[in-house]
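Report on one structure; see the data block that follows.
2 protein chains.
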Amino acid sequence: MNNPTSTKERILAAAEALFAQRGFDGASLRQLTASAGVNLAAVNYHFGSKEKLVEQVFKRRLDALNQHRLAELAKVAGQPGTTLEDVLAAYIRPALELSHEGNGSLFMRVLARAFAEHDDTLRQFLSENYGHVMRQFTAEFARLLPHLEKAELYWRIDLVTGALTHAMSGFGMIQRKDNVSEQQHREQTAAHLIRFAAAGLSHP
Amino acid sequence: MNNPTSTKERILAAAEALFAQRGFDGASLRQLTASAGVNLAAVNYHFGSKEKLVEQVFKRRLDALNQHRLAELAKVAGQPGTTLEDVLAAYIRPALELSHEGNGSLFMRVLARAFAEHDDTLRQFLSENYGHVMRQFTAEFARLLPHLEKAELYWRIDLVTGALTHAMSGFGMIQRKDNVSEQQHREQTAAHLIRFAAAGLSHP
DNA sequence: GTCTATAGCCAGATAGAC
DNA sequence: GTCTATCTGGCTATAGAC
Chain A
0 MNNPTSTKER ILAAAEALFA QRGFDGASLR QLTASAGVNL AAVNYHFGSK EKLVEQVFKR
60 RLDALNQHRL AELAKVAGQP GTTLEDVLAA YIRPALELSH EGNGSLFMRV LARAFAEHDD
120 TLRQFLSENY GHVMRQFTAE FARLLPHLEK AELYWRIDLV TGALTHAMSG FGMIQRKDNV
180 SEQQHREQTA AHLIRFAAAG LSHP
Chain B
0 MNNPTSTKER ILAAAEALFA QRGFDGASLR QLTASAGVNL AAVNYHFGSK EKLVEQVFKR
60 RLDALNQHRL AELAKVAGQP GTTLEDVLAA YIRPALELSH EGNGSLFMRV LARAFAEHDD
120 TLRQFLSENY GHVMRQFTAE FARLLPHLEK AELYWRIDLV TGALTHAMSG FGMIQRKDNV
180 SEQQHREQTA AHLIRFAAAG LSHP
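Those sequence lines, one after another, are chains A and B. Count the first sequence with numbering that gives the first Met the number 0 and you get residues 0 to 203, in order. Count the second sequence with numbering that gives the first Met the number 0 and you get residues 0 to 203, in order.
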């Protein structure tokens, strides 16, 4: 099923890279199948259409990412000692880990594109499949920031989401210095993002 | 020159709207010229190519926007009483005014797309033409936040830029309530963004 | 499951009449 | 400056042999 050398997996990997570089319209099935080393007809055979392929590119990463996020959230949600930083860490750390493993950073660029696209069918797909994740996080933010009106909270979450998406999509460019390990670098980045997001959410 | 009914201007307006909705690749010259009510060949005659048209779509708005920003910055830069909020206002208010006049909000969506595209030729065009604006603002931020290391400051500015771009591109969706005037609504939105950005830039 | 071949369509660009 | 007509090439999708 998840054999990384299977035709399906090679198409998905090549699609992710090309969608990140050239966009959904800009990347053609011809470039994509050539890059994956499979036949042009394979995309329609395995996925049905280019649009369905796009959805599977999202599903492959987001299923794991959001499951990971919810698992981290479950550890702290509703607990008396939980801080805003704890909840933000549950949201941000899994994405950061993904963006540093294999071609995960390419996927983050695909995600940033999807945000900018404002495409209705894609938004509906994301909302149907992963809307519950955002709702659980929002509920926990509301618990920790009870003085904020709902409208104000949504506003701030939206701004934080914009900042994070923008940041994650650019991670390929953030240089790690030679004297810090990969592990340290990720910790530092996570700490930066979490503090920034906490400041944006909780300012008076 | 700027006659809004001229062929050139009608192409630019139609291009802005279609690029916002469908992207640079997704919008074809055929749709675009049909929407503008001009002949298919007019784009190549007046602009040379589709790519040059894209650049002019940016130039038309960004020349005015960045001039406006620099004018506002000049009023407060280097002054002893200037606050972080003053500088942020100089950056944000002109964009907010643009996004509320005519089809300005469409242009903000085009700008958000350009950020997500990571297209090298477009980035170079923007950097060559408007890089000095960002540099002047960065210098003033550095003056007001002298305790931050350069790397840290760039990081925070990048996150703020991501949040603002995301927010501006979604302004079409932020509902103005019936009991607040257009003017009040813009003031409230500006105040929100400025406070959020100030919190993100200046947290300890 | 994988291939070739091709249908059917739409793209950007341009030549040349007006 | 504006038009029509057309060139050339890329696109998604599919039919049908293996």
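For glycine and all other residues, C-beta sits at the position ideal for the given N, C-alpha and C.
Under 9 Å, do residue i and residue j count as touching if we go by C-beta distance?
i                 : j                 : result
Gly-199 (chain B) : Leu-144 (chain B) : no
Met-107 (chain A) : Ser-168 (chain A) : yes
Asp-14 (chain B)  : Val-56 (chain B)  : The identity of residue 14 (chain B) in the sequence shown is Ala, whereas the question assumes Asp. Result yes, Cβ atoms of Ala-14 (chain B) and Val-56 (chain B) sit closer than 9 Å.
Arg-77 (chain B)  : Arg-142 (chain B) : As written in the sequence, residue 77 (chain B) is Gly, which differs from the Arg given in the question. Cβ atoms of Gly-77 (chain B) and Arg-142 (chain B): closer than 9 Å.
Glu-54 (chain B)  : Phe-124 (chain B) : yes
His-99 (chain A)  : Glu-186 (chain A) : no
His-165 (chain B) : His-202 (chain A) : no
Glu-50 (chain B)  : Thr-6 (chain B)   : no
Leu-11 (chain A)  : Leu-61 (chain A)  : no
List, in order along the chain, the chain A residues whose C-beta lies closer than 8 Å to that of residue i?
i                 : result
Thr-164 (chain B) : Gly-161 and His-165
Could you list which residues in chain A have their beta carbon closer than 9 Å to that of residue i, in chain order?
i                 : result
Arg-185 (chain B) : Going along chain A, no residue has its Cβ under 9 Å from Arg-185 (chain B), so there is no contact; the nearest lies around 15 Å.
His-191 (chain B) : Glu-151, Trp-154, Arg-155 and Leu-158
Arg-108 (chain B) : Ala-115 and His-117
Skipping 5 residues on each side, what residues in its chain have a beta carbon closer than 8 Å to that of residue i?
i                 : result
Phe-140 (chain B) : Leu-83, Val-86, Leu-152, Ile-156 and Leu-200
Thr-137 (chain B) : Leu-152, Tyr-153 and Ile-156
Ile-91 (chain B)  : Leu-163, Ala-189, Leu-192, Ile-193 and Ala-196
Val-109 (chain A) : Glu-15, Phe-18, Ala-19, Val-56 and Phe-57
Lys-149 (chain B) : Ala-141
So the alpha helix (DSSP H) residue i belongs to, where does it begin and stop?
i                 : result
Ser-222 (chain A) : The requested residue 222 (chain A) is not part of the displayed model; chain A covers only 0 to 203.
Gly-199 (chain A) : 181-201
Val-109 (chain A) : 103-116
His-67 (chain A)  : 49-75
Ala-41 (chain B)  : 41-46
Ser-168 (chain A) : 149-168
Gly-25 (chain A)  : 6-25
Glu-96 (chain B)  : 83-98
Gln-30 (chain B)  : 28-35
If I measure Cβ to Cβ from residue i and keep anything under 7 Å in the same chain, skipping five residues before and after, which residues do I get?
i                : result
Arg-68 (chain A) : Ala-89, Tyr-90, Pro-93 and Val-132
Leu-39 (chain B) : Leu-28, Arg-29 and Thr-32
Val-37 (chain A) : Thr-6, Arg-9 and Ile-10
So residue i contacts chain B; which residues on that side make the cut at Cβ distance below 8 Å?
i                 : result
Arg-194 (chain A) : His-202
Gly-199 (chain A) : Ala-162, Phe-195, Ala-198 and Gly-199
Gly-22 (chain A)  : Gly-22, Asp-24 and Glu-116
Grab me the residues of residue i's own chain with a C-beta within less than 6 Å of its C-beta, minus the 5 sequence neighbours each way, in chain order.
i                 : result
Leu-105 (chain B) : Glu-15, Ala-16 and Ala-19
Asn-65 (chain A)  : Tyr-129 and Val-132
Leu-97 (chain A)  : Leu-64 and Gly-103
Glu-204 (chain B) : Any property of residue 204 (chain B) remains undetermined from this structure, which presents chain B solely from 0 to 203.
Asp-24 (chain B)  : none
Kindly list, in the order they appear in chain A, the residues whose Cβ is closer than 7 Å to that of residue i.
i                 : result
Ala-111 (chain B) : Ala-115
Could you list which residues in chain B have their beta carbon closer than 7 Å to that of residue i, in chain order?
i                 : result
Arg-134 (chain A) : Result: empty, since nearest Cβ-Cβ is about 18 Å, beyond 7 Å.
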